[in-house]
Each structure stands twice: as C-alpha cells, then as structure tokens.
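Residue numbers (the working numbering): 7 to 229.
This is how it looks when you write it as structure tokens:
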C-alpha cells in the first residue's frame, strides 16, 4: 500500500496553531501541498513559512468557516491555485463560554454551533462536490471525547456529538462518490485553545483520571 501523499492537495481549517497546525505540518512532511485556513492571516502566514521549509507548497487563506461567503471564497481560491482538493481536515472550532447548560445564552450557543457544526457541514459539502467531480477524496473531522461523554463545556459537547453523527451521515451518503469520511476524537490536548482547562488543576485532575496515559496529549500526537 502506497501511503505517500505526493501530489495530493490538503485543506486544513483552524490551522494557525495547535492540532490544526500540527496536522498541516504532518501532511506536508508526508508529501502533500497544503492550504491552511483560519481567521487571522498573520498567524497563518507564520505557519505557512514553516510548512514551506518542507519543500511543499502552502497557501494561507483567512476564512471564518461559520460564514457561507467565507467558505465560498476559500473553495474558489483553492481551486484557482491547485484545481483540486484531495483531503479535507475539519479542525476549526470555538468555545467562547464555560457557562453551564442552565446559564449559557443564545449568543454563545449560536457562535459555537455556527463554527463547530454548521460550518463544518457546509464546508464538507462544498469540498465533497469538488471531490465527486475529481473521483473521490478523504475528509477527516476533528470531534472530541466531549462529544462522546458530557463534560464541563455543555454546548461544545453537543456540537462535537453533532460532528460524530455528521461524520456517519457523510460517510454513508458520500461513499458512492469514493469519498471516505472519518473522525478523530482527541481528549484534553495541550493547546492554546484548551489552556483554560489544562491550567486548572481541578479540571486537569478529573480529565487525567479518565486518561490511561495520565497526561494531556500533544498536538503532534494527532497526526
């Protein structure tokens, strides 16, 4: 089996740091040209420079995946530059509130759902249409153990449970187009995104009591 990604084009969202950055770098090191997307172009450009040191092409595009117009612009730029998308990694996510389920407000709910679930679905749909025309591809959705077992981030947990079901639906319906869809569900990972969790000793203790390695994961371990 040839596991090389030579001449493949990968699109990774939420790639300006953490898990997304590590995955983008790993794909490039395996031979893929990489498109990285996130909201802040300055952060993306720093990552792009590191990826280019592998000898692969890297295109940085500012995009809010929770906005349809940004998705359309993103796909347009990728197709203009590369003409194809072989791999999509849906990593972009947010969690602006740690409020409990009885206290969280509609604004926080909408912010989380728009990016974590709605944006993930409609970006996947747009990319799947490209993949269908090109003969297939692979989509990897980044969910979370919080989508399997409820934790202290209620709406985040709901959104990530939705990602798991979205993955199953996509896999079932798009297999006929030779599009394979899978998900990974990381536990607590040592990133800027989750810093408020792993720097809180009480939360860390609870999380580690459920973790066989008894430590947070590192972003590179998701590659």
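Glycine included, C-beta positions come from ideal geometry on N, C-alpha and C.
| Check | Outcome |
| --- | --- |
| Whole-angstrom distance between residue 165 and residue 172, CA atom to CA atom | 10 Å |
| Inter-residue Cα distance where the pair is residue 208 and residue 214 | 10 Å |
| Neighbour-count burial assignment, residue 155, 16 or more Cβ in a 10 Å radius | exposed |
| Cβ-Cβ separation, residue 22 to residue 49 (assumed contact under 8 Å), whole Å | 4 Å |
| Run of the beta strand (DSSP E) containing residue 80, from where it starts to where it stops | It is not in any beta strand (DSSP E) - residue 80 instead sits in the alpha helix (DSSP H) that spans 74-88. |
| Boundaries of the alpha helix (DSSP H) in which residue 172 is found, first to last residue | 160-180 |
| Proximity test, Cβ basis, 9 Å: residue 215 and chain B | Absence of chain B from the displayed structure is noted, only one protein chain being present. |
| Whole-angstrom C-beta distance between residue 67 and residue 34, which should lie under 8 Å | With a Cβ gap of about 16 Å, residue 34 and residue 67 do not count as contacting. |
| Sequence-distant residues of the same chain with beta carbon closer than 8 Å to residue 221, five excluded per side | 214 |
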